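Protein chains in written order, with my numbering: chain A, 401 to 716; chain B, 401 to 716.
Number of protein chains: 2
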Amino acid sequence: MVSCVRMGAYSIGIDLGGTNLRAAAIDKDGQMLGKISGSTPVAEGPEPVVADMARSVEKLREQFGRAHLAGIGAGVPGNIDMAEGVIVGWGNMPIFNGYPMRDELSKRLDAKVILENDANAAALGEKWMGAGRGVDDLVLMTLGTGIGGGIIVGGRILHGHVGMAGELGHITISPNGNPCGCGNRGCLEKHASATAISAMARLLGLGHDLSAEQVYELAAKGNDRAREIFKVMGEALGIALADLINIFNFPLYLLGGGVVASWEFFAPAMLAEIERRSFTYRSTLKTAPTRIEAAQLGSNAGLYGAACLPLQDVRP
Amino acid sequence: MVSCVRMGAYSIGIDLGGTNLRAAAIDKDGQMLGKISGSTPVAEGPEPVVADMARSVEKLREQFGRAHLAGIGAGVPGNIDMAEGVIVGWGNMPIFNGYPMRDELSKRLDAKVILENDANAAALGEKWMGAGRGVDDLVLMTLGTGIGGGIIVGGRILHGHVGMAGELGHITISPNGNPCGCGNRGCLEKHASATAISAMARLLGLGHDLSAEQVYELAAKGNDRAREIFKVMGEALGIALADLINIFNFPLYLLGGGVVASWEFFAPAMLAEIERRSFTYRSTLKTAPTRIEAAQLGSNAGLYGAACLPLQDVRP
């Protein structure tokens, strides 16, 4: 089992989100020693944001000391060229595309930095200190505006050939389903993300600009159409999860992101679909049950995962 | 990279198929030193078949010597309890279910035996000496009566929680597609296996009992309906492969099994579907192209993989 271990050490994890950034110092046992937020909006582009990242790390490094700092990890959205440490494509923030984030940050800090995709970092964080403690293999699916994913195999992030593994939001759940910007039809994220929930609310005449949270509130008040939306969304999720269970036979599949708050309304349909569509799920129910659970670390998952990266690199 | 290495050694691989068994002595460089076939039909059940397996291994062991034998690996159909070495479920051969194949064979041979699922063994074989030489990560899909799969991560077989990983034939390619014995609808293997090809030939009035090979011969003669069948089959395959590419971002996806002989008729539709449905595939076309290829070892893949198992277990 590979885990985040190094005697007497802590590391600093950075989580660059769609709006701003956070950084935390976390020790080898997973205790969060300190956490700070950046002050520069991500929309200002790579140079000021990297300067802000460096400032945040500096503050934590001064506070907790250089001597015991095992390393620095950064989780950022988009596809990462793992070999070069470059952001290849960050969908709605093209200003970052092609930016050599790892080396720029490393130069400013005069220290090695490990760059990672944010969904992958979140999956590693959950494995280290969240719902995935005790397993070495898991899939994390993050349900937000879109759907992202991270896959942990043998305790480590599965990167694939060029770091693009885990695009779980683009699993086809219906070959002629809703069109997706990726060129496909029927992508999971067009049927089960917060955006998809809002779109269904519009189609059902519930409102033109309802957020997924507002649809949840309607469901909680007993609105049948809002409940139907979560049922349809849960079925879509169940199809994709059944695929993943049939492919991986992992012990644990985690759901993270804001939409998970609606668990009570989508989970029954999701689980029914999984049970119907995966004989692996059914045939192991009594002997080695597949766990489908909510992630536990919330918005801190990425921070834990980013901090785990340098600790993990030091093999015991 | 993990590979099959041990100085001066050979190993013996057994491939137990749906009708009978074969065994081969293969040296550490992948050279097949000798191959023999068993004489007992598999339908006779576990006891006589295991006796036959032991006889086959004995013959090879006498011929090539005990001194240099690194170990014995056996690939068998069905789900294997990897911890116990027991065949849990062999679909159309229930007489084997629950049989402690590994220990029974080991007892007869007075030697350690490694038991493995046959599709997993085939994937490892292709990685070692077939189309997968040079990569550490690949997916093998075997198109036969059903569709099986094996996944290689970091040079080793991905087993999952209880050895059931790689059930690629049960990926849902259409949520309301053809019914499957597994309880699901729209399983890949009900749309893209030899059995599915025969069923479509029947639906199109081409014949009541045409084999996939006969449908191929009609397609080769220019029969439009036969060609349409392979187009539809290729599209189904493309949907599942696009899913796998989006999930794994592996450098190589291999297709094995008898149906691959019809490559010229199904591959164009398959590749078009992959290109449309996977932006991972498209966006890496020029920089790190995803290879979709026919497996190279044919019916010997399982023998190579089974022989690789004990060699691989000895780390360099």
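Ideal Cβ placement from N, Cα and C applies to all residues, glycine included.
Here the structure is a predicted model, which is why all the values come from computation and not from measurement.
| query | result |
| --- | --- |
| Reference LEU588 (chain B); option with closest CA among A:ASP643, A:LEU433, A:GLY445, A:PHE666 | A:ASP643 |
| HIS570 (chain A) at chain B interface by Cβ criterion, 7 Å | yes |
| Interface positions of the region 556 to 584 of chain B facing chain A (Cβ-Cβ less than 8 Å), listed along the chain | LEU558, HIS559, GLY560, HIS561, VAL562, GLY563, MET564, ALA565, GLY566, GLU567, LEU568, HIS570, ILE571, THR572, ILE573, SER574, PRO575, CYS582, GLY583, ASN584 |
| Cutoff 7 Å: THR545 (chain B) Cβ touching any chain A Cβ | no |
| Any chain A beta carbon closer than 7 Å to ALA688 (chain B) | yes |
| GLY544 (chain B): first and last residue of the uninterrupted alpha helix (DSSP H) it sits in | No alpha helix (DSSP H) contains GLY544 (chain B), which DSSP labels as neither H nor E. |
| Cβ of ASP415 (chain A) within 7 Å of any chain B Cβ | no |
| First and last residue of the uninterrupted alpha helix (DSSP H) at GLY489 (chain B) | GLY489 (chain B) -> not in any alpha helix (DSSP H); beta strand (DSSP E) instead, spanning 486 to 489. |
| Whole alpha helix (DSSP H) elements within the region 572 to 615 of chain B, 4-residue minimum | 589 to 592, 594 to 603 |
| Residue range of the unbroken alpha helix (DSSP H) whose run includes MET453 (chain B) | 446 to 464 |
| Inter-residue Cα distance where the pair is ASN623 (chain B) and ALA594 (chain B) | 18 Å |
| At least three beta-carbon pairs within less than 8 Å, the region 555 to 571 of chain A to the region 574 to 590 of chain B | no |
| Residues that THR684 (chain B) contacts on chain A, provided the C-beta gap is smaller than 8 Å | HIS561, VAL562, MET564 |
| Proximal residues, the region 632 to 666 of chain B versus chain A, C-beta separation under 7 Å | ILE639, ALA642, ASP643, ASN646, ILE647, PHE648, ASN649, PHE650, PRO651 |
| Residue of B:ILE692, B:SER678, B:GLU447 minimising C-alpha distance to GLY498 (chain B) | B:GLU447 |
| Coil, strand or helix - SER403 (chain B) by DSSP | Caution is warranted here: a pLDDT of 49 is assigned to SER403 (chain B), below 50, making its placement in the model unreliable, and the coordinate value is therefore given only provisionally. In the structure shown, SER403 (chain B) sits in coil (DSSP, three-state: anything other than H, G, I, E or B). |
| Burial state of LYS512 (chain A) (16 or more Cβ within 10 Å) | exposed |
| VAL402 (chain A) at chain B interface by Cβ criterion, 7 Å | Confidence at VAL402 (chain A) is low in this model, with a pLDDT of 43, below 50, so its placement is unreliable and no value can be given for it. |
| Interface flag, PHE630 (chain B) vs chain A, CB-CB below 7 Å | no |
| CB-CB length for GLY349 (chain B) against GLU516 (chain B), believed under 8 Å | Nothing can be reported for residue 349 (chain B), as the shown portion of chain B is limited to 401 through 716. |
| Residue from A:ALA669, A:GLN614, A:GLY413 whose Cα sits closest to the Cα of LYS428 (chain A) | A:GLY413 |
| Secondary structure of TYR653 (chain B), DSSP reduced to three states | strand |
| Own chain residues within Cβ distance below 6 Å of ARG585 (chain B), not counting five before or after | ASN576, GLY577, PRO579 |
| Beta strand (DSSP E) segment containing SER411 (chain B), residue limits | 410 to 416 |
| Residue-level contact to chain B via CB, THR542 (chain A), 7 Å cutoff | no |
| Selection from A:GLU484, A:ALA423, A:GLN431 that minimises the alpha carbon distance to ARG455 (chain A) | A:ALA423 |
| Beta-carbon proximity list for GLU458 (chain A), same chain, < 8 Å, skipping 5 on both sides | LEU509 |
| Where the beta strand (DSSP E) containing VAL476 (chain A) begins and where it ends | 469 to 476 |
| Contact with chain A by VAL553 (chain B), beta-carbon distance below 7 Å | yes |
| For GLY418 (chain B) and PRO477 (chain B), believed in contact at Cβ under 8 Å, the rounded distance | 7 Å |
| Straight-line Cα distance separating VAL539 (chain A) from LEU652 (chain B) | 21 Å |
| Pairwise C-alpha distance: SER411 (chain B) and HIS468 (chain B) | 8 Å |
| Buried versus exposed, by CB contacts within 10 Å (16 or more), PRO710 (chain B) | buried |
| Buried/exposed call for LEU637 (chain B), threshold 16 Cβ in 10 Å | buried |
| Nearest neighbour of ASP481 (chain B), chosen from B:ARG502, B:ARG461, B:GLY491 [CA to CA] | B:ARG502 |
| The alpha helix (DSSP H) enclosing ASP481 (chain A), as first and last residue numbers | That residue, ASP481 (chain A), is in no alpha helix (DSSP H); its beta strand (DSSP E) goes 479 to 481. |
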